[in-house]
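Input: a single structure, listed below in structure tokens.
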Amino acid sequence: MKRHVLLLSVTPWALLAAPAMAQTSTDAQTTQAADPNAPIETQTAVGIRQDVAEVPDRSPVQASTTGLSETPADPRDIVVTGFRASLGSAQAIKRNSDAILDAIVAQDIGKLPDNTAAESLARVTGIQVSRYSDEVTQVLVRGLPDVATTFNGRDIFTAEGRGVALQDFPAGALAGLEVYKSGTADLLEPGLAGLINVRSRRPFDFEKGFTIAGGFRGTYNDQSKKFDPLGNLLLSQRAETPIGEIGWLINAVYTQAQYRNAVRWGEGNTNKPTAGTTILPSSVGRDFQIPTAVGVYNDSGKRWRPAMNASVQWRPAHNLELYYDFLYQSYRGEVANDWFRVPLLDSNPTLSDVVLRPGEPLQVQSLTKTGGYRPEAFRSTVKGYTDTYQAAGGAKWDIGRAHLSTDLAYTFSQYGSDEWSFDTAFSRAPVANVNFFVNDGVSFDLPGFDNTNPANYIWRGYFEATYRVQGKGWQWRTDVDLETDLSLLPKLQFGIRWTDRDASLKRGNRYAYTEQLAIPLAQVPVGDLALTQNAFRGNQGFTSWLMPSRDGIAGNAPQLRQYAFDALQRLVAGNPADQGYRDALNRFSTPEVQLDPLAAFYATEQTYAFYGQAKYEFNIGSIRFDGMIGTRVVNTVGEYSGISTVLFDGVRRSEVRRTRANYVDILPNISLRIRPSDKLQIRFGVTKTRTKPQFNQLNPALNITQNTQQVVPDQPLDPRFPAGLNTRPNAYGGGGNPDLRPLISNNYDATVEYYFSPTASLTAAVFYRDLDGFIDNYINRTIDPVYGLIEISRPENAGKGRIKGIEVGGQTFFDFLPGLWSGIGVQANVTYLEGKQQYPANLFASTGGTTAPPFVPIPGLSKWTYNIALFYEKGDVSTRLSFNNRDAYLNGNFINGDGFYNGEGTTRIQRLDFGFNYNITKEITVAFDVANILAKPFNNYRSYGNGLSYPRDVRDEGRYYGAGLRFRF
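Under the numbering used here, the first residue of the sequence shown carries the number -7, and numbering increases by one thereafter.
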């Protein structure tokens, strides 16, 4: 019966597909040029072979050692474009690879499916992404964020991190992306989840002669109400010269976005009312818990990213190639974030009209809060930048059966930000009507409050901060591929790699807390006041309050600094014994923020790697078998330093801390591919991977600061901790953890892949990850004999973990349909994941646990993710409608001694995008697109007890409309 079910499930795809393309092609086929007058289906087959030639049957490192063709390729008459060609090329790359991978190929020069590399990855099987500020900010592969990233096979990073900000790669700079889920020994050490290779174009990718291509595009955000320009321009030339074939390429890209997200939120902490709080009606009791505050947050700003890459290739002989590559990518941002908070439980308010949730006597549906503590707000203005440079040079040389390559690269990356934040408070506490469950989020209003009257606001403080991080590093590798006469072992591969990295952090800040002076807002020198912009799509009553403009704060910083300095002088005079005011006055005595040497962090690290790998192949009857067996050995030598500080009763004690590391990782791999026919292949893979802790996580410094915040009368106890640890902490601490160990994973993979035609396939994969040592930030409390109760936040290794899952994907065009209907195509994939990790034993004990720590869900892992895309491509028209779904996931874990989960989670996320392209001529295409058509809000929730939760955040995100033009000559 199972056999019949399988046949039925495959039959529709077989019926929809055209005859299969052979797995291998002859040299003549490989070099064939596409006829510009041929049907798109014919051009596609040639274009696929060209793309596969650019990403051979090997990993990014091996690609650099590919044997150079002795037969010169025919010039390409056109660049094949469109959905059909890009899907076919991605399918062929996946099919021919020695590793288990998925790929995305640009459908045109400078045209990935989305604006950035990170956005495009959301459509790949097994990929989940997180978004913030209207862009993808995190990529997870099979539920794990620990992904190594390479650019054209080289390691690349952003600032002090080990990974790169994929959103800094504009789509216009890229030719494609490859996601390696099960690697080989020649790969740069993959992260726990795998490796993502970002691939750019090079001059030998194009026909001989001069090529110019690019595009211009404009977008409109329906929340910020702003228009933004985007564009890219590529110039390339390839020619025969007296000293050999030479090619050069330069590609420049610019992207920009102005965004504004609206968030209505409830605070993560929940508590019962204090004894001094009046509850009406009294019949509802006092056992319920509510969020300690509600509020509004508007995330807004402007970001732009100039980028450029260049490449030179020189082939003085048919078996020798020299090259030079350069990359520059950057980020520039101007941010103005608005935050507003209404405390609900502080200072003994009256909670009236309390309505409990039906069937939940410990939760509140709605209430009215009168009196108590006043609301507060701030506008944070930030100016940030990133600059990343990578320069590399190398050579490829074929000597008989040996293919040699060497590559030397230098990378420098820095990130910096400057912040100017203006704080206000209401002059009194207005009445607040709160409903905790309105369309999956908190909603509140302040009836009777005049938000346009400056007399209702006072100045609460002024904050400035400077943050500087950077990283730089050298990397060098040499690889040898050796073809043998052995039929069982036709190829042997060896390589060495050396890296030298460093990372550093410097920062400083200062804050003038001025609320005690009760200075009216209108008296502060910040220029005109205006209501903050309302970006909500509904469901929120109070949306706007008075604030200075961004220029009134960031552009007026010198005057604000002086005003803050004068205010602090008055506070010091009135509070001569308060050390906090004296320290703040000293920090504001200089024009610029002073970098705090005690907050600095430095790291240096070298790695020495060697790998050996053999490719084997044999036949049993008509069935072909091949695979890879290899091992990569990596020695890591590092030194990490920081300064630990304790600030208590106005006295600061400091101590330099330095740790060293020297360890060896042995990372074996073995794979098997079975090919019963040219259409069907079955893969098995066993690998070991590891991910190092981030440099900042290894910072040995721990900073402890006395809690000098105003004591709130009758403050509720913290329900997360047992008696003795649930009162107001005397101090807070934070830092890194030099005892962190790398995350280790033993990986088991199997796939079945069936290829019906050059653009049609059905694939399935199952995988299991045996994990140890997840790293996450956790909160711990302890009683120090000198300082009393201290709350410390720092990274910790969790215990054992496991992830298992299934991936299924397929794509086809309906070529069998008549006429225009044959242009319809579909692509779909679905991923199912299950994953758990053991809670850190020491933290579980600190929250009152007396048994073995429980296994808890892995943060960031969604059980179900799926993508569906409908295509139409015929003649000069192509369209795409794509839908992405990511199921609910957790953002973090906190388990108390009773085993109650106190974590935070995110509900289902769904997006729908549309794109339309029309070729005016073979060289010019116009395009229109809409992103985030559904504009479904992003929802977080907070669990605080045995199955009880309140909404945390509801974020309204922007819908983008775009129109543009692409050209290629």
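Even for Gly, the Cβ is constructed at its ideal location relative to N, Cα and C.
Using a 10 angstroms sphere on the CB of residue 900, the tally of other CB atoms stays under 16, which defines it as exposed.
Rounded to the nearest whole angstrom, the CA to CA distance from residue 300 to residue 245 is 6 Å. Here residue 216 is buried. Its C-beta has 16 or more other C-beta atoms within 10 Å.
Non-local C-beta neighbours of residue 686 in its own chain, meaning closer than 7 Å and more than five positions away in sequence, comprise 153 and 154, ordered along the chain. In this structure, the straight-line span from the alpha carbon of residue 269 to that of residue 334 is close to 16 Å. Following the DSSP letters along the chain, one finds residue 87 inside the alpha helix (DSSP H) bounded by residues 75 to 88. Residue 433 and residue 932 have their C-alpha atoms roughly 8 Å apart. The beta carbon of residue 126 sits closer than 7 Å to those of 249, 251, 253, 949 and 950, all from its chain and outside the five residues before and after it, given in chain order. Taking C-alpha positions only, residue 349 is separated from residue 358 by approximately 8 Å. Distance between residue 671 and residue 935, taken at the CA atoms: about 49 Å. Scanning the segment 635 to 706 for uninterrupted beta strand (DSSP E) segments of 3 residues or longer gives 643 to 667, 672 to 683 and 694 to 698, listed from N- to C-terminal end. Here residue 683 is not near residue 659, since their CB atoms are 8 Å or more apart. By the C-beta density criterion, residue 466 is exposed, having fewer than 16 other C-beta atoms within 10 angstroms. Short of 8 Å from the beta carbon of residue 142, and not among the five residues preceding or following it, lie these beta carbons of its own chain, in chain order: 52, 148, 180, 187, 188, 189 and 190. In this structure residue 873 is in contact with residue 906, their Cβ atoms being roughly 5 Å apart against a cut-off of 8 Å.
For residue 148, the three-state secondary structure derived from DSSP is coil.
In the three-state scheme derived from DSSP, where H, G and I count as helix and E and B as strand, residue 402 is classed as strand. Bounds of the alpha helix (DSSP H) holding residue 112 are 109 to 113. With distances taken between CA atoms, residue 647 lies nearest to 692 out of 724, 692 and 575. Residue 764 holds the alpha-carbon nearest to the alpha-carbon of residue 793 among 942, 777, 764 and 801. By the 16-neighbour rule on beta-carbons within 10 angstroms, residue 750 is buried. The three-state reading of DSSP puts residue 106 in coil, since its state is none of H, G, I, E or B. When C-beta atoms of the segment 603 to 614 are compared with those of the segment 472 to 484, three or more pairs fall below 8 Å, so the two segments count as touching. Beta-bridge annotation (DSSP): residue 809 is not paired with any residue. Closest in alpha carbon position to residue 665, among 616, 632 and 360, is 616.
Sixteen is the threshold: since fewer than 16 other Cβ atoms of the shown chains lie within 10 Å of the Cβ of residue 234, the residue is exposed.
Nearest Cα to residue 213 within the set 944, 927, 940 and 946: 927.
At a Cβ-Cβ threshold of 8 Å, residue 801 and residue 821 count as neighbours. Scanning its chain for C-beta atoms nearer than 7 Å, with the 5 sequence neighbours on each side dropped, one finds around residue 762 the residues 737, 738 and 794, in chain order. Per DSSP, the beta-bridge partners of residue 464 are 404 and 494.
Sequence-distant partners of residue 912 (beyond 5 residues in either direction) whose C-beta falls short of 7 Å from its own C-beta, in its chain, are 918.
The segment 196 to 203 makes no contact with the segment 415 to 424; the number of CB pairs closer than 8 Å stays below 3.
721 is the residue among 472, 721 and 661 whose C-alpha sits nearest the C-alpha of residue 703. Contact between the segment 360 to 376 and the segment 103 to 120 is absent: fewer than three C-beta pairs spanning the two stretches fall below 8 Å. The secondary-structure analysis by DSSP pairs residue 916 across a beta bridge with 959. Contact between residue 531 and residue 177 is ruled out by a C-beta separation of about 54 Å, above the 8 Å threshold.
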